[in-house]
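With the working numbering applied, the sequence shown corresponds to residues 487 to 740, in that order.
This report concerns only the one structure given below.
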Amino acid sequence: MQYYVTCPQVLRAEVPPRWREQWTVHLEGIAAALATTLGLSGRHKELVAGRLWRLGRTDWHGASRDVMFARGLCWSEARDVRAEIVRGRKAIVFVAQQAPPDDFWLRRKPPVIPLSEFTSLGEDQIEIEALAVATAIRDVDEAPGDGLVTVTEQQLKLMIRQQVKAESKAELTDDILIAAYRHSGAYRSAAEFLGEQTGQEVSKDAVYRAVQRAGGILAVLNSEDSNSVVRGVASQRRDKRGKNLQQAKPLADK
């Protein structure tokens, strides 16, 4: 079999078969990788063929919420996809790039997170800017007073010093690993920060495993549980103004 492409000079030019090969995005693979990164509970299921996947569920502010990955929400025939999303449990929706206009939803819109803005491809998994995702969800939910509680760098350094001194060893607990992840929003950055503070090598895999043991990315960013991260050490100390470190004002969102 011979293959040809149009050419302005010779009208038709023969090309080898490999030149006709094209890449195709494996959407099911993206959905599965995203579900793994987020560490969700429940079953991963395709709801609309090639268009919508339920990645699982997460506990957010004490409520179970569906987490979905959708394709083509800006297409003219997206009505069926929308119907499945609104039937979900207060869905959090990830899309590849473009979010639909607000009036697409007909009622209150769910948080829509573009992967192109909040994620990147790591060596073997999808890496998420966790703090930015949590802020985006919070902003859409419009929950005054329930904002994300972020451990400041000064608080985190104090926690590390106290733990290492108290236990006479450099091994870090999950609480510290998770606090570093909350602070930096990325596994690699958290590991590098902890390495600088302890003088030992801390792998991003250690941070990843701690986050997964705590229920995944969305679970550890749940503001209801965030105080538990600093309660074990920081609640026993007060800053120079006499305020508990657990009650100290978090850094402003960047």
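Just so you know, even glycine gets a beta-carbon here, dropped at the ideal spot from N, CA and C.
Which residue comes first and which comes last in the beta strand (DSSP E) that contains residue i?
{"i": "residue 550", "result": "549 to 556"}
{"i": "residue 607", "result": "605 to 607"}
{"i": "residue 679", "result": "Segment 673 to 684 is the alpha helix (DSSP H) holding residue 679; no beta strand (DSSP E) there."}
Pick out whichever of the options has its Cα sitting closest to the Cα of residue i.
{"i": "residue 680", "options": "641, 700, 704 and 698", "result": "641"}
{"i": "residue 500", "options": "671, 580, 491 and 506", "result": "491"}
{"i": "residue 531", "options": "574, 677 and 583", "result": "574"}
{"i": "residue 580", "options": "516, 564 and 611", "result": "516"}
{"i": "residue 520", "options": "691, 689 and 605", "result": "605"}
{"i": "residue 684", "options": "699, 658, 518 and 527", "result": "658"}
{"i": "residue 526", "options": "546, 600 and 607", "result": "546"}
{"i": "residue 625", "options": "607, 688, 596 and 660", "result": "596"}
{"i": "residue 700", "options": "592, 661 and 489", "result": "661"}
{"i": "residue 505", "options": "489, 495, 518 and 496", "result": "489"}
{"i": "residue 555", "options": "563, 584, 562 and 548", "result": "584"}
{"i": "residue 544", "options": "529, 557 and 643", "result": "529"}
{"i": "residue 536", "options": "522, 514, 542 and 549", "result": "514"}
{"i": "residue 518", "options": "542, 510, 498 and 496", "result": "542"}
{"i": "residue 557", "options": "548, 522 and 511", "result": "511"}
{"i": "residue 487", "options": "502, 495 and 562", "result": "502"}
{"i": "residue 549", "options": "643, 627, 592 and 563", "result": "627"}
{"i": "residue 613", "options": "591, 691, 592 and 494", "result": "691"}
{"i": "residue 611", "options": "522, 495 and 496", "result": "522"}
If the criterion is Cβ atoms closer than 8 angstroms, does the pair residue i and residue j meet it?
{"i": "residue 703", "j": "residue 524", "result": "yes"}
{"i": "residue 540", "j": "residue 578", "result": "no"}
{"i": "residue 674", "j": "residue 706", "result": "no"}
{"i": "residue 559", "j": "residue 553", "result": "no"}
{"i": "residue 696", "j": "residue 646", "result": "no"}
{"i": "residue 798", "j": "residue 672", "result": "Coverage of the chain is limited to positions 487 through 740, which leaves residue 798 absent and any answer about it impossible."}
{"i": "residue 582", "j": "residue 601", "result": "yes"}
{"i": "residue 599", "j": "residue 572", "result": "no"}
{"i": "residue 689", "j": "residue 677", "result": "yes"}
Taking the alpha helix (DSSP H) that residue i falls in, what are its first and last residues?
{"i": "residue 615", "result": "Looking at the DSSP string, residue 615 is not in any alpha helix (DSSP H), and its letter there is neither H nor E."}
{"i": "residue 669", "result": "660 to 670"}
{"i": "residue 705", "result": "703 to 706"}
So, at 7 angstroms on beta carbons, what are the nonlocal neighbours of residue i in its own chain, with the 5 sequence-adjacent residues on each side left out?
{"i": "residue 534", "result": "566, 567 and 570"}
{"i": "residue 631", "result": "Low local confidence applies: a pLDDT of 38 at residue 631 is under 50, so the model's placement there is unreliable, and no value is given."}
{"i": "residue 588", "result": "595"}
{"i": "residue 508", "result": "none"}
{"i": "residue 670", "result": "676 and 679"}
{"i": "residue 639", "result": "669"}
With which residues is residue i paired in a DSSP beta bridge?
{"i": "residue 571", "result": "None; residue 571 has no bridge partner."}
{"i": "residue 539", "result": "532 and 555"}
{"i": "residue 490", "result": "500"}
{"i": "residue 545", "result": "550"}
{"i": "residue 623", "result": "Looking at the DSSP assignment, residue 623 forms no beta bridge with any residue, so it has no partner."}
{"i": "residue 580", "result": "555 and 599"}
{"i": "residue 431", "result": "Outside the shown range of the chain (487 to 740) lies residue 431, about which nothing can therefore be said."}
{"i": "residue 527", "result": "543"}
For residue i, which residues of its own chain have a beta-carbon under 6 angstroms away from its beta-carbon, when the five flanking residues on both sides are left out?
{"i": "residue 576", "result": "551"}
{"i": "residue 586", "result": "559 and 560"}
{"i": "residue 693", "result": "663, 667, 673, 676 and 677"}
Establish whether the CB of residue i and some CB of chain B are separated by less than 8 angstroms.
{"i": "residue 560", "result": "You won't find chain B in this structure, because it holds only one protein chain."}
Please determine whether the Cβ atom of residue i lies at a distance below 7 angstroms from any heavy atom of the ligand MG.
{"i": "residue 546", "result": "Ligands in the displayed structure: none, and consequently the ligand MG is not present."}
Leaving out five residues on either side along the sequence, give the residues of the same chain with a beta carbon under 8 angstroms from the beta carbon of residue i.
{"i": "residue 687", "result": "681"}
{"i": "residue 622", "result": "597, 599 and 604"}
{"i": "residue 498", "result": "490, 491 and 492"}
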